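**Q** Just dropping this structure here.
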Amino acid sequence: GENVEQHPSTLSVQEGDSAVIKCTYSDSASNYFPWYKQELGKGPQLIIDIRSNVGEKKDQRIAVTLNKTAKHFSLHITETQPEDSAVYFCAAAGTTDSWGKLQFGAGTQVVVTP
Amino acid sequence: AAGVIQSPRHLIKEKRETATLKCYPIPRHDTVYWYQQGPGQDPQFLISFYEKMQSDKGSIPDRFSAQQFSDYHSELNMSSLELGDSALYFCASSLGGGNNEQYFGPGTRLTVT
Chain A
266 GENVEQHPST
276 LSVQEGDSAV
286 IKCTYSDSAS
296 NYFPWYKQEL
306 GKGPQLIIDI
316 RSNVGEKKDQ
326 RIAVTLNKTA
336 KHFSLHITET
346 QPEDSAVYFC
356 AAAGTTDSWG
366 KLQFGAGTQV
376 VVTP
Chain B
513 AAGVIQSPRH
523 LIKEKRETAT
533 LKCYPIPRHD
543 TVYWYQQGPG
553 QDPQFLISFY
563 EKMQSDKGSI
573 PDRFSAQQFS
583 DYHSELNMSS
593 LELGDSALYF
603 CASSLGGGNN
613 EQYFGPGTRL
623 TVT
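Top line first, the protein sequences correspond to chains A and B. Residue 266 is where the first sequence starts when you use the numbering used here, and the numbers rise one by one after that. Residue 513 is where the second sequence starts when you use the numbering used here, and the numbers rise one by one after that.
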């Protein structure tokens, strides 16, 4: 089955700096790659996603890039703010035998210090 | 905008008891997914339903069962509870037909004592 690896596990950044989280996946059939933000005690919140026919997608301060050949995708957060502090999860889905199942990475704890 | 609703939000049960978790998807969403999240871990897929039929199955114990009803809400039934079942249980919903965009509910925190 699909295996997703996520790095780093923790990330500390100064307010205003950029944060980058990287993920790799194993199944070349995966075609959907969402990113979720989870605050303590809350459910994962979908913040951006990308499909395999697109190389890059941007939404205000958040961008995601996908390299299908290398099977890796990254989340970029620019001009970080304290409210960006949370756990971020990458995920992969869309394989032919399991199109709806999200396989998550282990998560990255992001801490933005003022 | 309306979100996924889960009830109860907190549940305390003893070993060997049963528990029923409920999920009400976003209006018009026809697909429901269940995930289990242990402390400090990523969500693990349990099971999903599309148009009231089971569409995918993950690492769901045989002690657990689930179904989706005609109004698209779903229930996760957990029997013979074990201490290791203590976790956050999330329901997510999506507009099916190949769209994987899943929106998560606030979760049910199950504690088994």
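For every residue, glycine included, the Cβ atom is placed at its ideal position computed from N, Cα and C. Treat the numbers as computed from the prediction; the structure is a model and nothing was measured.
Measure the C-alpha to C-alpha separation of A/Ser282 and A/Ile327 and round it to an integer number of angstroms.
**A** Sequence index remark: in the first sequence, residue 282 of chain A carries index 17 (1-based). Sequence index remark: in the first sequence, residue 327 of chain A carries index 62 (1-based). Residue 282 of chain A is actually Asp in this sequence, not Ser. Those two C-alpha atoms are separated by around 13 angstroms.
**Q** Does A/Lys366 have its Cβ less than 8 angstroms from a Cβ in chain B?
**A** By one-based count along the first sequence, residue 366 of chain A stands at place 101. Yes - at least one Cβ of chain B is within 8 angstroms of the one on A/Lys366.
**Q** Tell me the DSSP secondary structure of A/Ala348 in three-state form.
**A** For the purposes of this step, residue 348 of chain A is taken as the residue at position 83 of the first sequence. First, the residue type needs correcting, since residue 348 of chain A is Glu and not Ala in the sequence shown. The answer is helix: DSSP assigns A/Glu348 an H, G or I state.
**Q** Less than 8 angstroms between the beta carbons of A/Ile388 and A/Lys322, yes or no?
**A** What the structure shows of chain A is the stretch from 266 to 379, and residue 388 of chain A is not part of that stretch, so it cannot be assessed.
**Q** Since I believe B/Gly617 is in contact with B/Gly550 (beta carbons under 8 angstroms), could you give me their beta-carbon distance rounded to a whole number of angstroms?
**A** Working through the second sequence from its first residue, we reach residue 550 of chain B at position 38. Working through the second sequence from its first residue, we reach residue 617 of chain B at position 105. Between B/Gly617 and B/Gly550 the Cβ distance is about 18 angstroms, and since that is not below 8 angstroms, they are no contact.
**Q** Which partner residues of A/His272 appear in the DSSP bridge assignment?
**A** What you label residue 272 of chain A is simply residue 7 of the first sequence in a count that begins at 1. BP columns for A/His272 point to A/Lys287.
**Q** Hey, B/Asp554 and A/Phe298 are a contact pair by Cβ (cut 8 angstroms); roughly how many whole angstroms apart?
**A** If you number the second sequence from 1, residue 554 of chain B lands on position 42. If you number the first sequence from 1, residue 298 of chain A lands on position 33. Contact flag wrong, Cβ pair sits at about 15 angstroms.
**Q** Using 8 angstroms as the threshold, is the C-beta distance between A/Gln271 and A/Ala371 below it?
**A** Numbered from 1 along the first sequence, position 6 holds the residue referred to as residue 271 of chain A. Numbered from 1 along the first sequence, position 106 holds the residue referred to as residue 371 of chain A. Closer than 8 angstroms, so yes.
**Q** Keeping to the same chain, check which residues put their C-beta closer than 6 angstroms to that of A/Asp292; ignore five residues upstream and five downstream.
**A** On the first sequence, residue 292 of chain A is found 27 positions in, with the first residue counted as 1. Excluding positions up to five away in sequence, the list reads Glu267 and Thr360.
**Q** Buried or exposed for B/Pro537, going by 16 or more other Cβ atoms inside 10 Å?
**A** Taking the second sequence and counting its residues from 1, one reaches residue 537 of chain B at position 25. With 16 or more other Cβ atoms within 10 Å, it is buried.
**Q** What are the start and end residues of the beta strand (DSSP E) that includes A/Ala294?
**A** As a first step, residue 294 of chain A is located in the first sequence; it is residue number 29 there, counting from the start. Premise fails: A/Ala294 is in no beta strand (DSSP E) and is neither H nor E.
**Q** Between the segment 552 to 579 of chain B and chain A, which residues of the former have CB atoms less than 7 angstroms from a CB of the latter, in chain order?
**A** Result list: Asp554, Pro555, Phe557, Ser560, Ser567, Asp568 and Gly570.
**Q** Please compile the residues from chain B whose C-beta is within a distance smaller than 7 angstroms of the C-beta of A/Tyr297.
**A** Working through the first sequence from its first residue, we reach residue 297 of chain A at position 32. Chain B residues near A/Tyr297: Asn612.
**Q** Give the interface partners of A/Ala284 over in chain B, defined as CB-CB distance under 8 angstroms, in chain order.
**A** As a working mapping, residue 284 of chain A is identified with position 19 in the first sequence. What A/Ala284 touches in chain B: nothing, since even the nearest Cβ is about 19 angstroms away.
**Q** In the DSSP output, what is A/Gln303 paired with across the bridge?
**A** Within the first sequence, the letter at position 38 stands for residue 303 of chain A. Paired residues: A/Val352.
**Q** Strictly below 7 angstroms CB to CB, what residues from chain B border A/Ala371?
**A** Along the first sequence, one-based indexing puts residue 371 of chain A at 106. What A/Ala371 touches in chain B: Asp554.
**Q** When the Cα atoms are used, what is the spatial distance from A/Ser295 to A/His337?
**A** Taking the first residue of the first sequence as position 1, residue 295 of chain A is located at position 30. Taking the first residue of the first sequence as position 1, residue 337 of chain A is located at position 72. C-alpha separation (whole angstroms): 11 angstroms.
**Q** Using a Cβ-Cβ cut-off of 8 angstroms, state whether B/Thr623 counts as contacting chain A.
**A** On the second sequence, residue 623 of chain B is found 111 positions in, with the first residue counted as 1. Judged by the 8 angstroms Cβ criterion, B/Thr623 is not in contact with chain A.
**Q** Are B/Ser605 and A/Lys366 touching if we call contact CB-CB under 8 angstroms?
**A** Your numbering for residue 605 of chain B matches position 93 in the second sequence. Your numbering for residue 366 of chain A matches position 101 in the first sequence. The answer is no: Cβ separation not under 8 angstroms.
**Q** Just how far apart, CA to CA, sit B/Asn589 and B/Asn612?
**A** On the second sequence, position 77 is the one that residue 589 of chain B refers to. On the second sequence, position 100 is the one that residue 612 of chain B refers to. Those two C-alpha atoms are separated by around 24 angstroms.
**Q** Grouping DSSP H, G and I as helix and E and B as strand, with all else coil, what is B/Leu595?
**A** Against the second sequence, residue 595 of chain B aligns to sequence position 83. If DSSP states are grouped into helix, strand and coil, B/Leu595 belongs with the helices.
**Q** So, does the CB of B/Pro520 fall closer than 8 angstroms to a CB anywhere in chain A?
**A** Along the second sequence, read from residue 1 onward, the residue named residue 520 of chain B stands at position 8. So, not an interface residue.
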